[in-house]
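Asks: Numbering follows UniProt numbering, in which position 425 of the sequence shown is assigned residue number 425; successive positions increment by one, without gaps.
Each residue gets a CB set at the ideal place from its N, CA and C atoms; glycine is no exception.
A single structure is presented below for examination.
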Amino acid sequence: MHLPLKKVPIYTPKWLAACASMFASLMLIQSMTNNFYTLIPQPLQRFVISIVIGFFKRSVPLFIQRLLLSAYHEFSKRFFHDPVMTLLVEEYHGFCDNEIYHAVEHYLHSKISPNTRLLKIAQTWRDTSSSYQFVDRQEFEDVYEGIELKWKFSSTSNQQSFQLMFDVRHKEAVGCSYIPYVLKRFKAMKEETKIVRLCTLARKNGHNIKWQSITFGNYSATFATLALDPKLKASILEDLDRFVKGKQFYQGVGRAWKRGYLLYGPPGTGKSSLIAAIANHLKFNIYDLQLSHLKSDVELRSVLVATTNQSILVIEDIDCGLKLQDRTLVKTTSSSKEKDHADEPAITLSGLLNFIDGLWSGSAEQRIIIFTTNHKDKLDPALLRPGRMDMHIHMSYCTFGGFETLARNYLGIKEHQPLFDEIESLLQNAEVTPAQVAQELMKSEDAEVALQGLITMLREKIEHQRVGDQIKMREDEDSD
1 MHLPLKKVPI
11 YTPKWLAACA
21 SMFASLMLIQ
31 SMTNNFYTLI
41 PQPLQRFVIS
51 IVIGFFKRSV
61 PLFIQRLLLS
71 AYHEFSKRFF
81 HDPVMTLLVE
91 EYHGFCDNEI
101 YHAVEHYLHS
111 KISPNTRLLK
121 IAQTWRDTSS
131 SYQFVDRQEF
141 EDVYEGIELK
151 WKFSSTSNQQ
161 SFQLMFDVRH
171 KEAVGCSYIP
181 YVLKRFKAMK
191 EETKIVRLCT
201 LARKNGHNIK
211 WQSITFGNYS
221 ATFATLALDP
231 KLKASILEDL
241 DRFVKGKQFY
251 QGVGRAWKRG
261 YLLYGPPGTG
271 KSSLIAAIAN
281 HLKFNIYDLQ
291 LSHLKSDVEL
301 RSVLVATTNQ
311 SILVIEDIDC
321 GLKLQDRTLV
331 KTTSSSKEKD
341 HADEPAITLS
351 GLLNFIDGLW
361 SGSAEQRIII
371 FTTNHKDKLD
381 PALLRPGRMD
391 MHIHMSYCTF
401 GGFETLARNY
411 LGIKEHQPLF
421 DEIESLLQNA
431 EVTPAQVAQE
441 LMKSEDAEVA
451 LQGLITMLRE
461 KIEHQRVGDQ
471 IKMREDEDSD
């Protein structure tokens with residue numbers, strides 16, 4: 001005989017039932033919220049939200065508003081999907097400049113409108129006009145193909161950055177279309193303006209070392225104004241033009257697309273002016289590398305990798321600022337000729353050479369490397385090895401061809417003058433630099449007076465050289 005089963009009621013704790021009910025409510029609210037952001041157009045979203053916020057502010061006490069708002073943010077963070085996506089664009093990417101950052105910076109300058117209420121303004125003595133700069137937390141709104149975007153600028157002592165905020169539904173459109181559009185506009189601007197910049201090293205907070213740049217001067221040298229022998233000038237120009245057009249050649253032979261020049265000769269012969277002329281001719285940025293500012297090969301590599309394509313890396317007076325010992329570049333000071341290697345790591349010559357033509361030489365394209373020295377004979381043979389410095393350019397004392405250029409630049413003389421024959425004869429014997437000749441020509445605006453003054457200076461120079469040679473001969477005889 002089977003006894004009937006007795007139904008036993010299942011006991012459910014009240015707290016569990018409450019949690020289940022609350023969870024179901026949260027899921028419903030979350031679903032409604034997501035549908036709100038997904039299905040309702042943004043203008044209508046803003047209208048509805050503004051009405052709710054207005055009612056909330058009018059009807060609820062302020063302290064309760066703050067309490068509820070704080071709870072809402074915490075609640076939303078934990079349970080709701082945030083429809084806004086943020087892209088962070090920092091100024092530096094590792095050791096290198098972030099090209100997207102500079103593109104955004106240029107692009108947002110075009111978005112400055114009469115409604116913009118706060119900007120920084122600056123103008124250096126090099127600039128021909130003032131420039132506007134963003135302030136910390138500056139915001140800009142943009143619309144691209146119907147997509148609403150917001151930019152926010154941030155600035156700290158270490159780095160500057162932009163934040164791009166947009167609806168997450170447009171992630172693909174922003175990444176595949178909007179960002180390339182901003183980059184394309186930036187590249188078009190660079191091609192159109194071709195502004196040459198001079199970059200130097202600066203150490204921030206005593207630790208990180210970065211490149212900082214300024215606009216290259218509008219009055220810097222060009223090949224038209226360069227007081228250089230015409231044949232040498234033509235040879236350099238031909239080599240430069242062949243280099244910039246040689247992409248297929250360098251790829252075909254498996255070499256890095258770079259070119260090395262060694263400029264050597266007495267001080268004042270125009271080495272720095274030639275570098276400026278090359279930069280202006282090619283529209284390449286100049287990176288002035290001061291090896292004495294660096295502590296180790298690691299820092300050397302980091303700053304060299306941060307240089308860009310189509311650039312000129314310059315190491316001036318490589319024989320003076322640093323002392324070469326056992327293939328190690330050791331810093332020298334006025335008080336001591338030797339450096340204690342225990343204080344800080346030295347920059348090795350092998351580290352420098354490895355970047356010139358070693359594994360790191362292919363880290364950029366269309367790079368020109370220029371060394372300058374007053375004493376070629378003091379350089380390590382490793383620097384002069386064939387293929388390392390492709391062209392050795394002797395910057396000699398002023399030639400007659402260089403003088404003709406200076407006469408045209410400073411005095412406006414375009415035709416041969418009667419005094420030119422005597423000047424040509426004197427220049428063959430006088431050891432004077434183009435800088436000395438230019439200084440003499442600047443003493444008078446009258447061409448005849450200036451040329452006569454130059455002749456007098458050249459004669460005195462030759463006489464001074466003759467006396468100096470006689471004294472040296474006597475000293476040599478006495479030493480024997």
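Between the C-alpha atoms of Ile-356 and Ile-315, what's the straight-line distance to the nearest angstrom?
Replies: Here residue 356 is taken as the residue at index 356 of the sequence shown, counted from 1. Here residue 315 is taken as the residue at index 315 of the sequence shown, counted from 1. Roughly 12 Å separates the two Cα atoms.
Asks: Tell me whether Lys-210 sits in a helix, a strand or coil according to DSSP, three-state version.
Replies: Against the sequence shown, residue 210 aligns to sequence position 210. Looking at Lys-210 - three-state DSSP - the assignment turns out to be strand.
Asks: Contact defined as beta carbons within less than 8 Å: I believe Leu-198 pairs with Phe-223. What is the distance between those atoms, to the nearest angstrom?
Replies: Taking the first residue of the sequence shown as 1, we reach residue 198 at position 198. Taking the first residue of the sequence shown as 1, we reach residue 223 at position 223. Their Cβ separation, rounded to whole angstroms, is 18 Å, which puts Leu-198 and Phe-223 out of contact at 8 Å.
Asks: So, does the CB of Asp-136 fall closer than 8 Å to a CB anywhere in chain D?
Replies: In the displayed structure, chain D is absent; only one protein chain is listed.
Asks: Along the beta strand (DSSP E) that carries Leu-313, what are the first and last residues, could you check?
Replies: Counting from 1 along the sequence shown, the entry for residue 313 is found at position 313. Run containing Leu-313: 311 to 315, per the beta strand (DSSP E) assignment.
Asks: Tell me, please, which residues DSSP counts as bridged to Ala-202.
Replies: The residue you call residue 202 lines up with position 202 of the sequence shown. Its beta-bridge partners are Lys-210.
Asks: Note down the Cα distance separating Glu-148 from Asn-158, rounded to an integer number of angstroms.
Replies: Translated into the one-based positions of the sequence shown, residue 148 becomes position 148. Translated into the one-based positions of the sequence shown, residue 158 becomes position 158. Rounded to whole angstroms, Glu-148 to Asn-158 spans 30 Å at the Cα level.
Asks: Please check the pair Thr-269 and Tyr-397, which I expect to be a contact at CB under 8 Å, by giving their CB distance rounded to whole angstroms.
Replies: The residue you call residue 269 lines up with position 269 of the sequence shown. The residue you call residue 397 lines up with position 397 of the sequence shown. Right, their Cβ atoms sit about 7 Å apart.
Asks: Going by Cα to Cα distance, which pick from Leu-458, Thr-200, Gln-251 is closest to Glu-422?
Replies: Numbered from 1 along the sequence shown, position 422 holds the residue referred to as residue 422. The residue with the shortest Cα to Cα distance from Glu-422 is Leu-458.
Asks: Return the bridge partner residues of Met-85 from the DSSP annotation.
Replies: Residue numbering aside, residue 85 sits at position 85 when the sequence shown is read from its first letter. Met-85 is bridged to Phe-166.
Asks: For Leu-289, count the other beta carbons within 10 Å of its own beta carbon; 16 or more makes it buried, fewer makes it exposed. Which is it?
Replies: As a first step, residue 289 must be located in the sequence shown, where it is residue number 289. Buried, by the Cβ-count rule.
Asks: Tell me whether Ser-425 is buried or exposed, calling it buried when 16 or more other Cβ atoms sit within 10 Å of its Cβ.
Replies: Counted from its first residue, the sequence shown places residue 425 at position 425. Flag for Ser-425 reads exposed.
Asks: Provide the residue span of the beta strand (DSSP E) that contains Ala-391, from first to last.
Replies: Stepping through the sequence shown from its first residue, residue 391 is reached at position 391. It should be pointed out that residue 391 corresponds to Met in this sequence rather than to Ala. Met-391 -> beta strand (DSSP E) spans 391 to 394.
Asks: Residues in its own chain within less than 6 Å of Leu-324 by CB, not counting five upstream and five downstream?
Replies: Here residue 324 refers to the residue found at position 324 of the sequence shown. Here Leu-324 scores only 47 on pLDDT, less than 50, and its place in the model should not be relied on; the value that follows carries that caveat. Correct list, in chain order: Asp-380.
Asks: Can you give me the Cβ contacts of Glu-141 inside the same chain, cut-off strictly under 6 Å, excluding the 5 residues immediately before and after it?
Replies: Walking along the sequence shown from the start, residue 141 turns up at place 141. Closer than 6 Å at Cβ, skipping near neighbours: Lys-150.
Asks: How big is the Cα-Cα spacing for Gln-470 and Leu-419?
Replies: Looking up residue 470 in the sequence shown gives position 470. Looking up residue 419 in the sequence shown gives position 419. C-alpha separation (whole angstroms): 30 Å.
Asks: What number of angstroms, rounded off, separates the C-alpha of Leu-406 from the C-alpha of Asn-309?
Replies: As a position in the sequence shown, residue 406 is number 406, starting the count at 1. As a position in the sequence shown, residue 309 is number 309, starting the count at 1. When rounded, the distance between both Cα atoms is 34 Å.
Asks: Please list, in chain order, all residues of the same chain as Phe-403 whose beta carbon is under 7 Å from its beta carbon, the five residues on each side excluded.
Replies: On the sequence shown, position 403 is the one that residue 403 refers to. Hits under 7 Å: Ile-423, Leu-427, Val-437.
Asks: Based on the DSSP secondary-structure assignment, which residues constitute the bridge partners of Glu-415?
Replies: Against the sequence shown, residue 415 aligns to sequence position 415. Looking at the DSSP assignment, Glu-415 forms no beta bridge with any residue, so it has no partner.
Asks: By a C-beta neighbour count over all protein chains shown, 10 Å radius and 16 as the cutoff for buried, is Glu-477 buried or exposed?
Replies: Here residue 477 corresponds to residue number 477 of the sequence shown, with the count starting at 1. It counts as exposed.
Asks: Which runs of the alpha helix (DSSP H), 4 residues or longer, sit entirely within the segment 398 to 462?
Replies: Complete alpha helix (DSSP H) runs here, min 4: 400 to 411, 420 to 427, 434 to 441.
Asks: Please determine, among Phe-243, Tyr-144, Val-298, the residue with the shortest C-alpha to C-alpha distance to Tyr-181.
Replies: The sequence position of residue 181 within the sequence shown is 181, counting from 1. Tyr-181 has its Cα closest to that of Tyr-144, out of Phe-243, Tyr-144, Val-298.
Asks: Please work out which residues of its chain come closer than 8 Å, Cβ to Cβ, to Lys-472, disregarding the five sequence neighbours upstream and downstream, and give them in chain order.
Replies: Within the sequence shown, the letter at position 472 stands for residue 472. If we look at Lys-472 and ignore the five residues flanking it on each side, it has no Cβ neighbours.
Asks: Please report how far the alpha carbon of Ser-336 lies from the alpha carbon of Glu-440, in whole angstroms.
Replies: On the sequence shown, position 336 is the one that residue 336 refers to. On the sequence shown, position 440 is the one that residue 440 refers to. Its pLDDT being 46, under 50, Ser-336 is placed unreliably in this model, and the value from its coordinates should be taken loosely. If you take the alpha carbons of Ser-336 and Glu-440, they lie about 39 Å apart.
Asks: How is the alpha helix (DSSP H) around Gly-252 delimited, first residue to last?
Replies: Counting from 1 along the sequence shown, the entry for residue 252 is found at position 252. Its alpha helix (DSSP H) spans residues 247 to 253.
Asks: By a C-beta neighbour count over all protein chains shown, 10 Å radius and 16 as the cutoff for buried, is Arg-66 buried or exposed?
Replies: For this step, residue 66 is matched to residue 66 along the sequence shown. Result: exposed.
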